[in-house]
Amino acid sequence: EIVWKDGLSGSNDCEQLDRVQKLLHALRASHQTTEAFAHRNSILTLTTKHEDPREGAYSSQNDLYRFEVLYLESPRVMGLCIGANDYQHPWGPLQNAVRDAMEMRERLRSIPTAWSNVLENPQERQQMVSFVRENMRALKSLHPIVILVFFAGHGGRLHKGNSDFLSPCNTSIPSTEGDVQEYTLEVKKLFEFLKEFEVEGHSDEKTDRQIFLVVIDACRNCCDAEGIKPLYIEDPP
1 EIVWKDGLSG SNDCEQLDRV QKLLHALRAS HQTTEAFAHR NSILTLTTKH EDPREGAYSS
61 QNDLYRFEVL YLESPRVMGL CIGANDYQHP WGPLQNAVRD AMEMRERLRS IPTAWSNVLE
121 NPQERQQMVS FVRENMRALK SLHPIVILVF FAGHGGRLHK GNSDFLSPCN TSIPSTEGDV
181 QEYTLEVKKL FEFLKEFEVE GHSDEKTDRQ IFLVVIDACR NCCDAEGIKP LYIEDPP
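Quick note on numbering: UniProt numbering labels position 153 of the sequence shown as 153, and the sequence is numbered without any gaps.
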């Protein structure tokens with residue numbers, strides 16, 4: 001699919017048509033045009049209700065060919081990025097977590113075979129859960145190879161029970177296992193969501209399953225609450 005911005009420069013219609021035909025031939029020859037990408041864009045736009053996936057399209061600034069090319073192929077890397085700055089007491093506010101999540105999203109979107117969505121400043125646990133699960137459901141039919149989950153914000157672990165957790169903005173520091181389960185996103189619960197998504201991979205791939213990459217950028221000295229220690233996942237599932 002080609003989206004014309006300002007048209008093509010040329011002396012006549014025949015020259016313009018010839019250039020278009022050559023461009024389409026080059027795209028087909030490189031196997032970059034399939035219906036899968038368009039199908040993927042439709043699913044992401046209609047199901048997750050996020051921005052138009054064409055934002056990340058590659059553009060040509062050449063005066064001769066002014067166009068955007070949408071690489072029409074299934075995504076190989078999908079990113080779900082969460083950034084939280086606006087923490088309330090007793091958590092301290094952060095300065096750069098949202099920026100880091102946005103930058104991660106943009107870096108992923110700059111890759112032709114990658115796509116990413118972002119959640120900024122989730123106030124409650126359910127917002128984080130819904131963001132992950134709804135996006136995972138939308139992506140299931142697209143069969144990406146790599147699922148990357150990025151979280152920047154506050155997190156910790158209970159000394160008793162070894163419950164790792166990621167904290168939304170508007171919640172107290174948990175002191176019990178029940179608090180962790182009710183008010184934060186447990187890391188083990190996040191892995192359970194990813195496990196639900198796991199399906200057989202493509203027949204043309206060497207691997208028969210998706211690769212899940214979880215990156216947690218959580219403050220290690222965010223609070224002095226009794227029973228809380230810095231987040232460190234010793235043996236992730």
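Yeah, the Cβ is synthetic: ideal placement off N, Cα and C, and Gly gets one too. Keep in mind it's a predicted model, so treat the numbers as computed, not measured.
Report the rounded CA-to-CA distance for F191 versus N96, giving the unit in angstroms. As a first step, residue 191 must be located in the sequence shown, where it is residue number 191. As a first step, residue 96 must be located in the sequence shown, where it is residue number 96. Roughly 25 Å separates the two Cα atoms.
Among K189, G156, A101 and Q123, nearest to N117 - alpha-carbon criterion: Start at 1 with the first residue of the sequence shown, and residue 117 comes out as number 117. The option with the nearest alpha carbon to N117 is A101.
Run through the UniProt domain "Peptidase C14 caspase" (80 to 221) for me and flag every whole beta strand (DSSP E) of 3 or more residues, listed as ranges in chain order. Counting only runs that start and end inside the UniProt domain "Peptidase C14 caspase" (80 to 221), the beta strand (DSSP E) elements of at least 3 residues fall at 114 to 120, 146 to 158, 164 to 166 and 211 to 219.
Which residue from T171, N85 and S163 puts its Cα closest to that of E186? Indexing the sequence shown from 1 puts residue 186 at position 186. Residue S163 is the option with its Cα nearest to E186.
When we look at the beta-carbon of K189 and count the other beta-carbons within 10 Å, is it buried (16 or more) or exposed? By one-based count along the sequence shown, residue 189 stands at place 189. So K189 ends up on the buried side.
Output the distance between the C-alpha atoms of Y183 and E196, rounded to the nearest integer angstrom. For this step, residue 183 is matched to residue 183 along the sequence shown. For this step, residue 196 is matched to residue 196 along the sequence shown. Answer to the nearest angstrom: the Cα atoms are 22 Å apart.
Look at the alpha carbon of E198 and the alpha carbon of G178, and state the distance between them as a whole number of angstroms. Counting from one through the sequence shown, the residue named residue 198 turns up at place 198. Counting from one through the sequence shown, the residue named residue 178 turns up at place 178. Those two C-alpha atoms are separated by around 28 Å.
Own chain, CB closer than 6 Å to A152, minus 5 neighbours either side, in chain order: Counting from 1 along the sequence shown, the entry for residue 152 is found at position 152. The residues are G83, A97, D100, A101 and D217.
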